[in-house]
Amino acid sequence: PPYRHRIGFRKIDFKIPNFIDKNKLQHSLTNPPVFYWRGLGYRNMCRHYAIKLCNYLKDYDYYMRLDDDSFIERKIKKDFFKIMEEQSLDYIYNDYELDCPKCNEGLIKFVYKYCKEKKIKVKFITEVNSDGKECVISYKNNFHVSRVKFWEREDVRNFLNEIDQTGNIYYKRWGDAPIQTIAVQLFSNKIKQLTFDYSKKKDRYTV
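Numbering (this note's numbering) for the sequence shown: 832 to 1038.
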């Protein structure tokens, strides 16, 4: 096939960072506040997509994420990368959802404090849920397309590194979707929603 030479592979290194308190992490893993608290592998995944992904994409202009338990079942009629280029976009997403406040305890407070200290305009979107908790309205980032250079920007990297250093991806299960959503909304206005059918029941995408 003519495009075979364009296929590349990267070895992904899942390691708990040295600054993580192992006892605090163990306590978090063994005392879940909700049944979908997930385990260590999930925390590693969240850190990978929220913090480390751009380290593996230096040879590329754009990337598209599609999880291995999702399916594209019809012919894709849109060239996502062409749309990104023509419209100078940083991020394309399909859908969004209200994130679980238990799984991101303290994240919104951290971001407000960070924005105040760095004099960054607060423009990420939240909503109060039925329990009166402020929640991040997160892009469902198990499918998205993005510009690599956006994630390499110094202001974006500084923000993500500060989040990483809290350790709360491991201690409080801060998820990659709300972290990525907040970063995009704080530092870019070049965001576009491209909708297509999605079945939550089957976890299948249909383009």
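Every residue gets a Cβ at the ideal spot worked out from N, C-alpha and C, and that includes glycine.
These figures come from a predicted structure and were not determined experimentally.
{"Item": "Rounded C-alpha distance that separates Lys842 from Ile903", "Value": "25 angstroms"}
{"Item": "Sub-7 angstroms separation of Ile1013 and Phe955 beta-carbons", "Value": "yes"}
{"Item": "Sequence-distant residues of the same chain with beta carbon closer than 8 angstroms to Pro932, five excluded per side", "Value": "Asn960, Asp962, Lys964, Glu965 and Cys966"}
{"Item": "Residues of its chain near Ile851, where Cβ-Cβ distance is below 6 angstroms and the 5 sequence neighbours each way are ignored", "Value": "Gly998 and Tyr1001"}
{"Item": "Arg978 versus Phe840 - alpha carbon distance", "Value": "19 angstroms"}
{"Item": "Alpha carbon of Arg878 to alpha carbon of Trp1005, nearest angstrom", "Value": "9 angstroms"}
{"Item": "Exposure of Tyr924, with buried meaning 16 or more beta-carbon neighbours within 10 Å", "Value": "buried"}
{"Item": "Residues near Lys1032 by beta carbon distance below 8 angstroms, same chain, minus five either side", "Value": "Model confidence at Lys1032 stands at a pLDDT of 46, short of 50, so the residue's coordinates are unreliable and nothing is read from them."}
{"Item": "Ser919 burial status per 10 Å Cβ neighbour count (16 or more: buried)", "Value": "exposed"}
{"Item": "Tyr1001, DSSP secondary structure in three states", "Value": "helix"}
{"Item": "Integer-rounded CB distance, given that Ile1022 should sit under 8 angstroms from Tyr922", "Value": "5 angstroms"}
{"Item": "Under the three-state DSSP convention, the category Glu904 falls into", "Value": "coil"}
{"Item": "Asp926 beta carbon less than 7 angstroms from that of Ser969", "Value": "no"}
{"Item": "Contact set for Arg874: own chain, Cβ-Cβ below 7 angstroms, skip 5 residues either direction", "Value": "Ile1000, Tyr1001 and Arg1004"}
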